[in-house]
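To keep things clear, I will list the structure first and then write my remarks on it.
There are 2 protein chains.
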Amino acid sequence: MYERKIPEMLDCGLAVAIKVVGGKWKAWIIDCIKRDIRRPSAIHREMHEVDSRIINLHLKELEEYRIIEKKVYAEVPARVEYWFTEVGKSILPVINILEEWGNEHKEYIYRNNAE
Amino acid sequence: MYERKIPEMLDCGLAVAIKVVGGKWKAWIIDCIKRDIRRPSAIHREMHEVDSRIINLHLKELEEYRIIEKKVYAEVPARVEYWFTEVGKSILPVINILEEWGNEHKEYIYRNNAE
DNA sequence: ATACATAGGGATAAATTTTTCCCCTTACCC
DNA sequence: GGGTAAGGGGAAAAATTTATCCCTATGTAT
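Chains as they are written, first to last, in this note's numbering: chain A, 1 to 115; chain B, 1 to 115.
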């Protein structure tokens, strides 16, 4: 694991919120789980652009924040599912608002990048 | 300027929104402007932890997204002010929601990091 | 002449996040 | 044995963001 050299700012609510949703693929992963795609392998099939290693890292991070929790079934082949915690559920509407804002304004924001 | 090697995903609204508010100090800068701290030097005095170079870079980025716009006054010493555009204003309530969520849950999220 | 405040940026380094590559385990199927 | 599918992670490289250092310029004040 990477060990941070500069301490983070944990006091600001905004920084915390962005930490939770702000990774490159975390929002997409959260969206998968929201759509009942719960197993690591299924998430990976859904997000085939992304290496499964990356997905694992993000899942682990979200689990550390206790946004999601892992359920392990004693089956073969191994079966793992991720479910939102209560706090995890509470962030879903926040994400929706972010997404709405982004969809409404993305052409505006990136008008210049179009060359 | 740094030239990206991997193209970004501009299609997802969430990615766009996070791009706009998700830099390390952008939210703080936006908060300054919201509190009528509009001049680069004043923002820098407010955010004395952060090098002015960094603040400039973020301001420039926000300006490229047209979240803020620069007004240059023909005074001496030079006077520059940043103001929100209409779209810039529209993101403020979104940021408030993020911040509220973060403040409400930060102890929960970082309970483990406390060692 | 020296110092200060303002705004701004080049060059480079450091820190952090993301990616790639390859490995391990269990158990089933052919 | 060799192949599949599941979950998982070490090590190192690459990509990206953030930080540090030092310079430019203008005009004003001491």
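Every residue gets a Cβ at the ideal spot worked out from N, C-alpha and C, and that includes glycine. All values reported here derive from a predicted model rather than from experimental measurement.
Considering only beta carbons, the part of the segment 45 to 73 of chain B lying closer than 7 angstroms to chain A consists of Glu64, Tyr65 and Arg66, in chain order. At a beta-carbon threshold of 7 angstroms, the residues of chain B lying near tyrosine 108 (chain A) are Arg66 and Val87, ordered along the chain.
Only those residues of the segment 77 to 102 of chain A whose C-beta falls short of 8 angstroms from the nearest C-beta of chain B are listed: Val87, Ser90, Ile91, Val94, Ile95, Ile97, Leu98, Glu99, Glu100, Trp101 and Gly102. When Cβ pairs closer than 8 angstroms are counted between the two stretches, the segment 13 to 21 of chain B is seen to touch the segment 101 to 109 of chain A, the count reaching three or more. Taken through DSSP and simplified to helix, strand or coil, isoleucine 68 (chain A) comes out as strand. Tryptophan 83 (chain B) carries a strand assignment under DSSP once its states are collapsed to helix, strand and coil. Within chain B, the C-beta atoms nearer than 8 angstroms to that of alanine 27 (chain A) come from Cys12, Leu14, Ala15 and Ile18, in chain order. Tyrosine 73 (chain A) has A:Arg79 as its beta-bridge partners, per DSSP.
The closest CA to that of arginine 79 (chain B), considering only B:Thr85, B:Lys71 and B:Asn96, is found on B:Lys71. With the rule of 3 Cβ pairs closer than 8 angstroms, the segment 83 to 102 of chain B counts as touching the segment 18 to 28 of chain B. Annotation for alanine 42 (chain B): Cys32 place their beta carbon closer than 8 angstroms to its own, counting only its chain and skipping 5 residues before and after. A Cβ-Cβ distance of about 4 angstroms is found for the pair arginine 38 (chain A) and glutamate 81 (chain A), placing them in contact under the 8 angstroms criterion. Taking the Cα positions, lysine 89 (chain B) is about 16 angstroms away from glutamate 61 (chain B). Judged by beta-carbon spacing, isoleucine 54 (chain A) lies within the 8 angstroms limit of tryptophan 25 (chain A), meaning their Cβ atoms are closer than that value. Only buried fits tyrosine 65 (chain B), as 16 or more other CB atoms lie within 10 angstroms of its CB.
DSSP, reduced to helix, strand and coil, places histidine 48 (chain A) outside both helices and strands of the structure shown, so it counts as coil. Leucine 57 (chain B) is positioned such that its CB atom lies no closer than 8 angstroms to that of lysine 106 (chain A). Contact annotation: valine 87 (chain A) and tyrosine 110 (chain B) have beta-carbon atoms that are not nearer than 8 angstroms. In this structure, DSSP gives glutamate 3 (chain A) a state outside helix and strand, which the three-state scheme calls coil. At the C-beta level, isoleucine 29 (chain A) and leucine 59 (chain A) come within 8 angstroms of one another.
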